[in-house]
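Here the structure is laid out as structure tokens; the discussion comes afterwards.
Below, the structure written as structure tokens:
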């Protein structure tokens, strides 16, 4: 799998990124990429993380264009819980790094129905707050290309569903992709009009 970290937009400075009495308050962002669960042959102690270069000039709208080849196998692509985990950090002048936020991208976003010939898919994802994931911290733009033998075709439906889809019955299930739901608890305070 080839992933290009293109750019980010509207990153927000957090209290952790601003040190007291610091003369260097500009963001110097970079991205760390990992897979979850680890790919074949890795355990948690040897899991590989890929890191972009630091963008010293971009500030809240950095650009990278860094491309990474991440080895994945059919079991990783076939696991519905597999994801690519992206963490955004800013490099501090004296004290290392501070996390700006993260995105968790389900592999199903780009492998259930791959484009023909391994074409590149461009995607944008919201960066979530590093503390609890509820606040938006900007947008991250990436490009993904499935390469070589990892191109996966869509999994076949169980027999009863396949027959209704193939026959074109009304109300038959659509096999065109995956929907990621929103937890019901988020809507408990909303009033329903009757």
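Residue numbers (the UniProt record's numbering): 1 to 194.
Glycine included, every Cβ here is placed at the ideal spot set by N, Cα and C.
The bridge partners DSSP lists for residue 146 come to none. 28 is the residue among 108, 28, 11 whose C-alpha sits nearest the C-alpha of residue 94. Scanning 106, 85, 55 for the CA closest to the CA of residue 9 turns up 55. For residue 6 against residue 143, the beta-carbon gap comes to about 6 Å, under 8 Å, which counts as contact. Between residue 125 and residue 103, the beta carbon gap of about 4 Å places them in contact (Cβ cut-off 8 Å). Apart from sequence neighbours up to five positions away, the residues of its chain that approach residue 123 with a beta-carbon distance below 6 Å are 142, ordered along the chain.
Inter-residue distance for residue 138 and residue 88 is about 10 Å (C-alpha atoms, whole angstroms). Residue 30 carries a strand assignment under DSSP once its states are collapsed to helix, strand and coil.
If you check the CB distance, residue 107 and residue 145 do not come in under 7 Å. Rounded to the nearest whole angstrom, the CA to CA distance from residue 3 to residue 31 is 12 Å. Taking a 10 Å sphere around the C-beta of residue 128, we find 16 or more other C-beta atoms and assign the residue as buried.
One Cα belongs to residue 66, the other to residue 53, and the distance between them is close to 8 Å.
Between the alpha carbons of residue 1 and residue 109 lies a gap of roughly 13 Å.
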